[in-house]
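Asks:
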Amino acid sequence: MSLSTQSSNGTFTRRVAVIKSQSIVEIRFSGQEIGEAAAVYPQVSLSNCEVSSGRVNYGGRLVCTLVYVDENGKLCRVQKGAEFTHFADDDNLAPANRAICSLSCERAQIKRDGSSYLVAVVVGAEISVFASAERNVLTSVEGAVAKRENVRLFTAVTFSGESEVEDDFDCNAEDVLIPSAEVLVLDCGCRAGTVEIHGEIYLSVLAVRDSSPVSLDRVIPFKAEIPCDEALLARKATCRAEIRDLSVNARVAEGSGKCDIELVAQLAFAGTFFDEEETPVIEDCFSADSELNLAYAEETATPCTDVKVYSERVSGLCATKAKLDYTCTFLAAALPKVEFARSESGIEGSVSATLLYSQNGEIRSTEVNMPFTVNLNGLNSRHGDLTAAVCGLNIRQRSEGECEAEAVLKIAACDCEEVMVKYVTEVVEGEERKHSDCAISVYIPAAGDTLWDTAKQLLQSPEEIEATNPQLTFPLTGKERILVYRPKNA
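Taking our numbering, the leading residue of the sequence shown gets 35, the next gets one more, and so forth.
Right, here's the structure in full:
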C-alpha cells in the first residue's frame, strides 16, 4: 500500500501568553508648606512595551495629585510625576512577538517622612503576548479512509490607537482640586478598515464650594475610530481604553460661585479581534491494510460574539480606618474605585473611596471600603474581558460609629465563543495489519459510539457500515450486536 497526501501551508497569529506583573513607584512631596494630607490620586499611563528574548520590558508615567490642608485650614493641591520602567520574564517570549500591555494603580500608600510625604503606588501590569505560527493542514490522503470536516480557523489581529475627548460643562463650585476618571469600552466592532469604539468616561471631581470639599460626578460618552487595514468584515472586537492624560481647565465666574470647566482627555486603545476562514481538514483517518501514525495540531480561539453592559446599584455598610461619631460631618466622597473578581454568577469585590469630613472645625479624611456581590444575568461563563467602574457614590452616617454607602457600578463584559479545532498534519504508514481468519465475528460497540467510531473499529468505510447495517441508529446505545462477515480468500 502507498499513501499519497496533500497539504495546505500558511501562517496565523495566536495569543501565546498572559503575564501579570507588579512594580512599586515612589513619589516624594517635599516642602514645609504641605500640611495634613487629605487625599492622593495616582494616575498611570503606558509609554512603551517591547518584547525581547525571554522578557517583556515596559515603562510608563505616574502622576500623583496630593490634596492637603494648609496651616490656615484651606484645602490645597500639589501635583508631581515620575517615569518608571519594569519587566516581566517568560521563557517563551521572542523579539518577534507583539505585546499589549494594560497598566493600573492597584494600591497607593502615603506616609509622613519628616517634612515630606512619600507616596508609594503599586502599579499592576497585564500583558497579552501574540506570536505568529506555522499552520500545516492535511487536506487529502489517498489510500486511506479519512474523516473530513469543514472547520473555522482563526487568526488574531491586534490594533491600537489614540483619540481625544473634549467636554465643556458648568460646575457648582469655586475651584477644582482633583479630577479623577475611569473609562470603559461599552462596544467595539470592525467596519470598512476601521475599528469603531463606543464608551463612557466616568468623571469624579473633588472640588471646593464655600471653602468646603464637595464631590461631583459626570458621565461623558465618546466614540472613536481607529484605522486598521485588517478590519474588513463586520465582527466584534475586545478593547481596553486607558486615560493617557486628563486636563481640566476651570474658569471661575466672578460672583456666581460657579466654574466653567473644559475637559480634555487623551485616550489610548488596544485590543484584538479574530479573522476566520472556513476550510476542509482531515480530523482522523485509518487504513484496513496497515497501521497509520498520525500527527495532530490543535488550535484554540476565543472570538468575541457580544458585549453585555450592566448598570448595577450596590449598597451596604462600610469599613473605615478612622473612628467616626456624631461629631463628624461628612463632606465629600472622593476618588471612587472598584476592585472585583469573577464569581460563579457574577462578580464580587469592594468599592473604595476617600471620605473627607469635618470634626471639631478641622477637615480630615479616611479611607472607606464597601464590599458587594452582584449577579450578572445572562453572562456567558466563557466571557473574555470584564471591566467595571463607579459612576456615582454616596456615603452617609447610619448611626454613631457606622457609615453606609450606595454606589452605581457600570460593568462591561465580552461574551466569547470558545472554538477548539484538532486536525491531522501528517500521516506515516506503519506496520501491516494482521487480519482475523474467522468468517464471522460479532462486534459489541460502546454506548455513544458514532458512525466514524464504528467504522474505525471495523476497518470499513462509513458508507460500507451504513450499507450493510441499515438498522443501526447513531450514536449507538451499546446494546447492539454487529455481525462482521469476511470473505474467504481463494
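C-beta atoms are modelled at their ideal positions from N, C-alpha and C, and glycine is treated no differently.
Please read these numbers as outputs of a predicted model, since none were measured by experiment.
(1) By the DSSP assignment, the beta strand (DSSP E) with I316 in it spans what residues?
(2) At 3 residues or longer, and completely inside the segment 68-101: list those beta strand (DSSP E) runs for me, N to C.
(3) Would V157 and V78 qualify as a contact pair, given that the criterion is a beta-carbon distance under 8 Å?
(4) Compare the C-alpha of C362 against each of E436, N411, A116 and P76 and name the closest.
(5) Flag F203 as yes if its beta-carbon sits less than 8 Å from any beta-carbon of chain D, otherwise no.
(6) If you compare alpha carbons, which of S41, N327, E498 and C262 is closest to A304?
(7) Under 8 Å, do V217 and I277 count as touching if we go by C-beta distance?
(8) Where does K108 land, buried or exposed, given buried means 16+ other C-beta within 10 angstroms?
(9) Of the residues A72, L237, R274 and L187, which one's Cα is nearest the Cα of V229?
(10) Determine the extent of the alpha helix (DSSP H) in which A130 is found, giving its start and end residues.
(11) Closest to T525 by C-alpha separation, out of I161, A331 and V315, would be which residue?
(12) Quick one: what's T47 bridged to in DSSP?
(13) Quick one: Cα of A422 to Cα of L365, how far?
(14) With a cut-off of 8 Å, do at least 3 Cβ pairs link the segment 345-357 to the segment 440-453?
(15) Determine, using beta carbons only, whether V402 and S386 come nearer to each other than 8 Å.
(16) Nearest CA to the CA of E438: which residue from C450, A353, T459 and R515?
(17) Going by Cα to Cα distance, which pick from F118, H469, A72 and E176 is closest to L37?
(18) Does DSSP classify D147 as helix, strand or coil?
(19) Given this structure, state the Cα-to-Cα distance separating E194 from A302, to the nearest angstrom.
(20) I'd like the list of long-range same chain contacts for P496, defined as Cβ closer than 7 Å, with 5 residues on each side in sequence excluded.
(21) Taking the alpha-carbon positions, what's the Y360 to S433 distance?
(22) By Cβ distance, which residues of its chain are closer than 6 Å to D125, with the 5 residues on each side in sequence left out?
(23) Buried or exposed: which applies to D483, given that a residue is buried once 16 or more other Cβ atoms fall within 10 Å of its Cβ?
(24) Is it the case that the Cβ atoms of S384 and M404 are separated by a distance below 8 Å?
(25) Tell me the DSSP secondary structure of L250 in three-state form.
(26) Using the DSSP secondary-structure output, state which residues sit across from P255 in a beta bridge.
(27) Reducing DSSP to helix, strand and coil, say where K108 ends up.
(28) So, at 6 Å on beta carbons, what are the nonlocal neighbours of E525 in its own chain, with the 5 sequence-adjacent residues on each side left out?
(29) With a threshold of 16 other CB atoms inside 10 Å of the CB of A130, please say whether the residue is buried or exposed.
(30) Can you check whether the CB of V286 is closer than 8 Å to the CB of E373?
(31) Does DSSP put P405 in a helix, a strand or coil?
(32) Grab me the residues of E117's own chain with a C-beta within less than 6 Å of its C-beta, minus the 5 sequence neighbours each way, in chain order.
(33) With a Cβ-Cβ cutoff of 8 Å, do A72 and L280 count as a contact?
(34) Distance check for L250 and P370, CA to CA, integer angstroms please.
(35) What are the residues that DSSP puts in a beta bridge with Q56?
(36) Just how far apart, CA to CA, sit G418 and P337?
Replies: Let's see:
(1) Unbroken beta strand (DSSP E) run through I316: K292 to F320.
(2) Runs of the beta strand (DSSP E) lying entirely within the segment 68-101, each at least 3 residues long, are 70-86 in chain order.
(3) Inclusion of V157 and V78 in the CB contact set at 8 Å is warranted, their separation being smaller than that value.
(4) Comparing C-alpha distances from C362 to each of E436, N411, A116 and P76 shows the shortest one belongs to E436.
(5) The structure shown contains no chain D; it holds only a single protein chain.
(6) Minimum Cα distance to A304 is reached at C262.
(7) Less than 8 Å divides the Cβ of V217 from the Cβ of I277.
(8) Exposure of K108 is indicated by the presence of fewer than 16 other C-beta atoms within 10 angstroms of its C-beta.
(9) Distances from the alpha-carbon of V229 to those of A72, L237, R274 and L187 put R274 closest.
(10) Annotation for A130: no alpha helix (DSSP H) segment contains it, and DSSP assigns it neither H nor E.
(11) There is simply no residue 525 to check, as the chain begins at 35 and stops at 524 in what is shown.
(12) DSSP, once it has assigned bridges, lists S166 as partnering T47.
(13) Distance between the alpha carbons of A422 and L365 is about 26 Å.
(14) Result yes; three or more Cβ-Cβ pairs closer than 8 Å.
(15) Cβ distance < 8 Å, so V402 and S386 count as in contact.
(16) Considering only alpha carbons, the answer is A353.
(17) From the listed residues F118, H469, A72 and E176, the smallest Cα separation to L37 is found for E176.
(18) Residue state, collapsed to three classes: strand.
(19) With the sequence shown as reference, residue 194 is identified as Ser, and Glu is not the correct amino acid for it. If I take the Cα positions, the gap works out to 7 Å.
(20) Cβ neighbours of P496 within its own chain (closer than 7 Å, five residues either side excluded): L485, W486 and A489.
(21) Y360 and S433 have their C-alpha atoms some 8 Å from each other.
(22) G88.
(23) Classification of D483: buried, given that the 10 Å Cβ count is 16 or more.
(24) A Cβ-Cβ contact shorter than 8 Å links S384 with M404.
(25) L250: strand per DSSP, three-state reduction.
(26) DSSP, once it has assigned bridges, lists E234 as partnering P255.
(27) DSSP, reduced to helix, strand and coil, places K108 outside both helices and strands of the structure shown, so it counts as coil.
(28) Within the shown structure, residues of the chain are numbered from 35 to 524, placing residue 525 beyond reach of any answer.
(29) It is exposed - the Cβ of A130 has fewer than 16 other Cβ atoms within 10 Å.
(30) No, the pair does not count as a contact, with Cβ atoms beyond the cut-off.
(31) It is a strand residue.
(32) R95.
(33) No, the Cβ-Cβ distance between A72 and L280 is not below 8 Å.
(34) Going by the C-alpha atoms only, they are around 11 Å apart.
(35) Per DSSP, G158.
(36) Between G418 and P337, the C-alpha separation is close to 9 Å.
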